[in-house]
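What follows is a set of notes on a single structure, which appears directly below.
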Amino acid sequence: MKKFLIKILVLLMLVTLTACGSGNTTHKETDVTAAKTETSVEETDEAAAKAEPDFEETTVTEADAAPPVSFDELVVIDNEACSIKITAIDPDNMWGYTLKTLLENKTDDLSLMFSVERASVNGIDSDPFFASEVSAGMKANKEINFMDSYLKDNGIDFSNIELSFRVYDSDDWFADDIAKETAYVYPLGEENASTFVRESQPDDNIIVDDESARVTVTGYGYDDIWGYTVYLYLENMTDEPAMFSVDDVAVNGFMLDPFYAKEVGANKVTFSSISWSETAFEENGIEDVESINMNFRVYNSDDWLADDYVNVDVTLQP
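Here the sequence shown stands for residues 30 to 347, numbered as in the working numbering.
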């Protein structure tokens with residue numbers, strides 16, 4: 030019986046020793062594997078470092094950088110009734126590229142409205158929606174902001190700004206103007222003034238093209254605010270302001286008037302768009318636009334009795 034118990038104890042000891050030995054071997058193998066992995070990672074890092082291209086540092090010189098804004102106060106109008114001065118330029122204003130102005134009403138009894146009737150940036154028609162009323166004998170510091178997104182989208186450098194100012198009696202719209210003057214501002218210096226020229230694209234669709242005007246459909250899309258949109262590039266080649274408008278508009282055979290009209294200054298260009306609301310499409314069961322029919326007109330916006338420059342029927346198939 031004792032011999033039997035001794036054998037059992039010996040067997041148990043052997044099993045225990047075997048298990049301990051097996052465990053130590055596993056740890057050693059794991060350590061070796063880890064060491065190999067670390068070595069492999071180091072080798073991979075070294076290989077990646079060798080594979081990386083060797084770039085040379087590039088230094089931007091003053092010649093390579095865009096010309097800085099250089100501007101001195103510009104007196105646009107200065108007569109016995111009023112004055113307009115452009116005093117400074119703020120290219121990084123939160124409301125867009127900004128011209129700061131000082132307006133003065135020199136009259137004793139008139140309230141004057143100072144406005145910008147028409148403006149362009151590098152030949153692109155742009156409306157800053159500027160109008161400011163100044164009471165008799167008073168002054169006002171005001172800002173002219175260019176907020177049109179297409180100016181930024183097309184990388185316009187604001188090197189050539191044209192502004193047509195008008196000053197009139199704000200209480201008598203039929204009275205003669207107090208003053209009218211066009212100002213030219215060259216923020217980068219007149220020698221660096223440029224005119225925008227749009228390069229044609231493969232997807233362009235020119236729907237109007239004659240000696241007076243050109244209309245190019247540059248694309249189609251969906252705007253979160255305005256809905257389905259046809260993007261246009263308008264060119265007025267006349268010496269008068271021109272109105273671009275559409276009539277008798279149908280989408281997929283349903284009459285849907287987008288109430289579109291856009292004025293473009295003489296010999297100017299601009300970006301524009303025709304849009305239909307999501308609601309208008311839903312009410313007419315339109316999901317995919319297959320066709321757009323319209324009558325496209327271009328005419329002298331200062332002479333409504335004159336013959337149209339352009340009057341054509343157009344069909345678009347997006």
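Each residue gets a CB set at the ideal place from its N, CA and C atoms; glycine is no exception. Since we're looking at a predicted model, the values are computed, not measured.
- In the structure shown, residue 219 falls within a helical segment according to DSSP collapsed to helix, strand and coil.
- Residue 290 is bridged by DSSP to 274.
- The beta carbon of residue 267 lies closer than 7 Å to those of 241, 295, 338 in the same chain, with the five residues before and after it left out.
- For residue 187, the three-state secondary structure derived from DSSP is coil.
- In this structure, DSSP gives residue 312 a helical state, which the three-state scheme calls helix.
- Under the three-state reduction of DSSP output, residue 164 falls in the coil class, being neither helix nor strand.
- Non-local beta-carbon contacts of residue 147 in its own chain, meaning distances under 6 Å to residues more than five positions away in sequence, involve 193, 294 in chain order.
- Under the Cβ criterion (8 Å, minimum of three pairs), the stretch 170 to 184 does not count as touching the stretch 194 to 210.
- Residue 216 counts as buried, since no fewer than 16 other beta carbons sit within 10 angstroms of its beta carbon.
- When the Cα atoms are used, residue 138 and residue 329 turn out to be separated by approximately 37 Å.
- Between residue 98 and residue 118, the C-beta spacing is below 8 Å.
- Residue 280 is a Cβ neighbour of residue 315, given a cutoff of 8 Å.
- Take residue 263, set aside five residues on each side of it, and the residues of its chain with a beta-carbon closer than 7 Å to its own are 244, 273, 291, 293, 298, 299, 301, in chain order.
- Assigned with DSSP and collapsed to three states, residue 338 falls in coil, not helix or strand.
- Bounds of the alpha helix (DSSP H) holding residue 178 are 178 to 182.
- Cβ atoms of residue 155 and residue 161 stay farther apart than 8 Å, at about 18 Å.
- In this structure, the beta-carbon distance from residue 113 to residue 143 falls below 8 Å.
- By the criterion of a C-beta distance shorter than 6 Å, residue 235 is surrounded in its chain by 245, once the five residues flanking it on both sides are discounted.
- A straight line joining the alpha-carbon of residue 253 with that of residue 107 spans about 45 Å.
- Short of 6 Å from the beta carbon of residue 225, and not among the five residues preceding or following it, lie these beta carbons of its own chain, in chain order: 151, 152, 153.
- Judged by DSSP in its simplified three-state form, residue 133 adopts strand.
- Take the alpha-carbon of residue 110 and the one of residue 210: they are about 14 Å apart.
- Counting C-beta atoms within 10 angstroms of its own C-beta, residue 285 has 16 or more neighbours from the protein chains shown and is therefore classed as buried.
- The beta carbon of residue 283 is closer than 6 Å to those of 313 in its chain, skipping five residues each way along the sequence.
- Cβ-Cβ distances below 6 Å link residue 129 to 116, 117, 172 in the same chain, with the five nearest sequence neighbours on each side left out; the list follows chain order.
- Residue 136 and residue 199 have their C-alpha atoms some 13 Å from each other.
- When rounded, the separation of the alpha-carbon atoms in residue 345 and residue 277 is 14 Å.
- Nearest neighbour of residue 232 by Cα position, chosen from 332, 261, 287, turns out to be 261.
- For residue 100 and residue 239, the gap between their C-alpha atoms comes out near 39 Å.
- Residue 167 places its beta carbon 8 Å or farther from that of residue 125.
- Only residues of its own chain outside the window of five on either side were considered, and among them 140 have a CB closer than 6 Å to the CB of residue 164, listed in chain order.
- Among the bridge pairs identified by DSSP, residue 324 is matched with 276, 342.
- Only buried fits residue 305, as 16 or more other CB atoms lie within 10 angstroms of its CB.
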